[in-house]
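S.K.: Count the sequence shown with this note's numbering and you get residues 338 to 409, in order.
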Amino acid sequence: MSQPFDFDKALKALQSGQALTGKDGILTPLIKQLTEAALAAELDSHLAQDLEANRKNGSGKKTIKAQPVALN
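(1) Kindly indicate which residue of 354, 351, 374 has the alpha-carbon position closest to the one of residue 340.
(2) Could you have a look at residue 344 and say whether DSSP puts it in helix, strand or coil?
(3) Can you tell which of 367, 407, 355 has the C-alpha that lies nearest to the C-alpha of residue 411?
(4) Take residue 352 as the anchor and find which of 399, 380, 363 has the nearest alpha-carbon.
(5) May I have the straight-line CA-CA distance separating residue 355 from residue 377, to the nearest angstrom?
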């Protein structure tokens, strides 16, 4: 993971007029860290879930409700 976000450095850059977003923006490293943390948490949550068996495995009774039609 990347280095922790330096708020003091960000405030100084903001006061000097540097852009907030963009490739060299002030908030770009923070946005990157937040995105990586959210994706990692989502992946961990997904992998931790107990998997349920597939209930739609085709082994159920099937009934046709339509009336038979003569084909000529």
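Think of the CB as a built atom: it goes at the ideal place given N, C-alpha and C, for glycine as much as any other residue.
M.R.: According to the data block:
(1) 374
(2) helix
(3) With the chain represented from 338 up to 409, any question about residue 411 goes unanswered, as that position is not in the structure.
(4) 363
(5) 30 angstroms
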